[in-house]
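J.: Sharing a structure with you now.
2 protein chains.
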Amino acid sequence: MDTTAEAAETGTSTRTGDCAAPPHRHRRPDGQDNYTISEVVAFTGLTAHTLRWYERIGLMPHIDRSHTGQRRYSNRDLDWLDLVGKLRLTGMPVADMVRYAELVREGDDTYIARFELLEATRRDVKARIAELQDTLAVLDHKISFYADAGRALGSERSR
Amino acid sequence: MDTTAEAAETGTSTRTGDCAAPPHRHRRPDGQDNYTISEVVAFTGLTAHTLRWYERIGLMPHIDRSHTGQRRYSNRDLDWLDLVGKLRLTGMPVADMVRYAELVREGDDTYIARFELLEATRRDVKARIAELQDTLAVLDHKISFYADAGRALGSERSR
DNA sequence: CGCTTGCTTCGAGTGCACTCGAAGGTTTTA
DNA sequence: TAAAACCTTCGAGTGCACTCGAAGCAAGCG
Chain R
1 MDTTAEAAET GTSTRTGDCA APPHRHRRPD GQDNYTISEV VAFTGLTAHT LRWYERIGLM
61 PHIDRSHTGQ RRYSNRDLDW LDLVGKLRLT GMPVADMVRY AELVREGDDT YIARFELLEA
121 TRRDVKARIA ELQDTLAVLD HKISFYADAG RALGSERSR
Chain L
160 MDTTAEAAET GTSTRTGDCA APPHRHRRPD GQDNYTISEV VAFTGLTAHT LRWYERIGLM
220 PHIDRSHTGQ RRYSNRDLDW LDLVGKLRLT GMPVADMVRY AELVREGDDT YIARFELLEA
280 TRRDVKARIA ELQDTLAVLD HKISFYADAG RALGSERSR
């Protein structure tokens, strides 16, 4: 269960003082490792419905359960949700993320496939960034145009 | 009709040798200024359906017509479609673009509003780029992890 | 003890941005 | 002159990613 492959999917489950920790409604408490679904809701901003849906469609690894069958999310799971959130922002379709999750579940034999998938994703993200920077340039151009026009209007008063 | 405001929306209608010209299926021919809808389809990759839909929802400026009522797109219109395409890539909802288009149609009184809208958009785009770069960092981290693991597996053979 | 939280399954609804097709007409072009 | 391209209006369909509600039951806590 705790293969190197899985470790690769989470990076740091126990460490907490990573680099940046942006879009969490509540900060994740230290030293704990099994969260109820409502806690995860609070941390991630996702709904319980969505969380269960992610599980249903195979986007999540196996989530631990309490002895009575309630979900207990680990830090690892939270890290995964973090990654999913990031990938979602890149516009990656859920189906692709599911594919990746499947590879992880399939175990150590899928290293190369996962590697390639990550590289392809990186290429996409880079391309996306380039597009956005292109757009930003256009926006900047327009904005400076408006700024100039605004100054002209301001000083000359009409026309 | 040909106010400075409108000019701001197109930048260069007559000039053609701008900086970059990425996602056009066909390059836009020089020296011409009224294209049929099928030409625009070829240039933009949008369908005629979508082009007419854009018009219906108010996303386009008024498109010229031939004396028999057929659409004749100008370079200006193509530039606008270019901008729309870029903004679409940023994830801006169509409704917001329509709002912007409305401001342009309303004329010179809306300078400030447009300026502000552009600045807000720029902020969004910048934020989006930052997010993506964040994601890219995660991806790079993972990729190097996999690369290392792959090397280890390759040399040690299993485990 | 009762309220809150959680579980399951089911299926329907939402919002966005198209996307398509059809009907019935006019115009352009080879 | 015939085929191809264009026009209009209408309405329905698609794909994605949720999103919600309800029914009916089990567990936890204060």
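If you read the protein sequences in the order shown, they are chains R and L.
For the first sequence, the residue numbers in our numbering are 1 to 159.
For the second sequence, the residue numbers in our numbering are 160 to 318.
We put the beta carbon where it would ideally sit given N, CA and C, even for glycine.
None of the values given here were measured: they were computed from a predicted structure.
Can you tell me the Cβ-Cβ gap for residue 239 of chain L and residue 220 of chain L, rounded? I've got them flagged as a contact below 8 Å.
T.: 6 Å
J.: Distance cutoff 8 Å, beta carbons only. Does residue 134 of chain R sit that close to anything in chain L?
T.: yes
J.: Is there a Cβ of chain L sitting closer than 8 Å to that of residue 118 of chain R, yes or no?
T.: yes
J.: Just to make sure I have the definition right: I need the residues of chain L whose C-beta is within less than 9 Å of the C-beta of residue 102 of chain R. Which are they?
T.: None at all; the shortest Cβ gap to chain L is about 16 Å.
J.: Which of the three DSSP states, helix, strand or coil, is assigned to residue 162 of chain R?
T.: For residue 162 of chain R there is no data in the structure shown, the boundaries of chain R being 1 and 159.
J.: Do residue 228 of chain L and residue 287 of chain L have their beta-carbon atoms positioned less than 8 Å apart in this structure?
T.: In this structure, residue 287 of chain L keeps its C-beta atom at 8 Å or more from the C-beta atom of residue 228 of chain L.
J.: Please name the residue, chosen from L/294, L/258, L/204, that lies closest to residue 272 of chain L on a Cα-to-Cα basis.
T.: L/258
J.: Under 8 Å, do residue 294 of chain L and residue 40 of chain R count as touching if we go by C-beta distance?
T.: no
J.: In this structure, how does DSSP classify residue 28 of chain R when only helix, strand and coil are distinguished?
T.: For residue 28 of chain R, the three-state secondary structure derived from DSSP is coil.
J.: Kindly list the residues whose CB is nearer than 7 Å to the CB of residue 26 of chain R, restricted to its own chain and excluding five residues on each side of it in sequence; keep chain order.
T.: 42, 43
J.: Return the CA-CA distance between residue 300 of chain L and residue 133 of chain R, expressed in angstroms with no decimal places.
T.: 23 Å
J.: Just tell me which of L/211, L/216, L/205, L/223 has its CA closest to the CA of residue 193 of chain L.
T.: L/223
J.: Compare the C-beta of residue 290 of chain L with all C-beta atoms of chain R and state if any pair is closer than 8 Å.
T.: yes
J.: Could you tell me the distance, in whole angstroms, from the CA atom of residue 75 of chain R to the CA atom of residue 36 of chain R?
T.: So the two alpha carbons sit approximately 12 Å from each other.
J.: Using a Cβ cut-off of 8 Å, pull out every chain R residue sitting near residue 273 of chain L, in sequence order please.
T.: 146
J.: Pull up the CB-CB distance for residue 146 of chain R and residue 270 of chain L, whole angstroms please, since I reckon it's below 8 Å.
T.: Yes, they are in contact, since the Cβ atoms of residue 146 of chain R and residue 270 of chain L sit about 7 Å apart, within 8 Å.
J.: Looking at the C-beta of residue 149 of chain R, does it have a partner C-beta in chain L at a distance below 8 Å?
T.: yes
J.: For the alpha helix (DSSP H) containing residue 209 of chain L, name the first residue and the last one.
T.: Per DSSP, residue 209 of chain L is one residue of the alpha helix (DSSP H) stretching across 207-215.
J.: Just how far apart, CA to CA, sit residue 226 of chain L and residue 232 of chain L?
T.: 14 Å
J.: Distance check for residue 83 of chain R and residue 45 of chain R, CA to CA, integer angstroms please.
T.: 14 Å
J.: DSSP puts residue 73 of chain R in a beta bridge; with which residues?
T.: Beta-bridge pairing by DSSP links residue 73 of chain R to R/35.
J.: Hey, residue 118 of chain R and residue 103 of chain R: beta-carbon distance below 8 Å or not?
T.: no
J.: Assuming the contact rule is C-beta atoms closer than 8 Å, residue 139 of chain R and residue 247 of chain L should be a hit. Round their C-beta distance to whole Å, please.
T.: Contact flag wrong, Cβ pair sits at about 14 Å.
J.: Within a Cβ cutoff of 6 Å, which residues of the same chain sit near residue 48 of chain R, ignoring the five residues on either side of it in sequence?
T.: 37, 41
J.: Just the C-alpha distance for residue 152 of chain R and residue 137 of chain R, rounded to the nearest angstrom, thanks.
T.: 23 Å
J.: Could you name the residues of the same chain whose beta carbon sits closer than 7 Å to that of residue 217 of chain L, not counting the 5 residues immediately before and after it, in chain order?
T.: Beyond the five residues adjoining it in sequence on each side, residue 217 of chain L comes within less than 7 Å, by CB distance, of 257, 260, 261 in the same chain, given in chain order.
J.: Label residue 268 of chain L either buried or exposed according to how many other C-beta atoms from any shown protein chain fall within 10 Å of its C-beta, with 16 as the threshold for buried.
T.: exposed
J.: Can you have a look at residue 230 of chain L and say buried or exposed, based on whether 16 or more other CB atoms are within 10 angstroms of its CB?
T.: buried
J.: Does the beta carbon of residue 83 of chain R come closer than 8 Å to any beta carbon on chain L?
T.: yes
J.: Using the Cβ count rule (16 or more neighbours within 10 Å means buried), how would you classify residue 77 of chain R?
T.: buried
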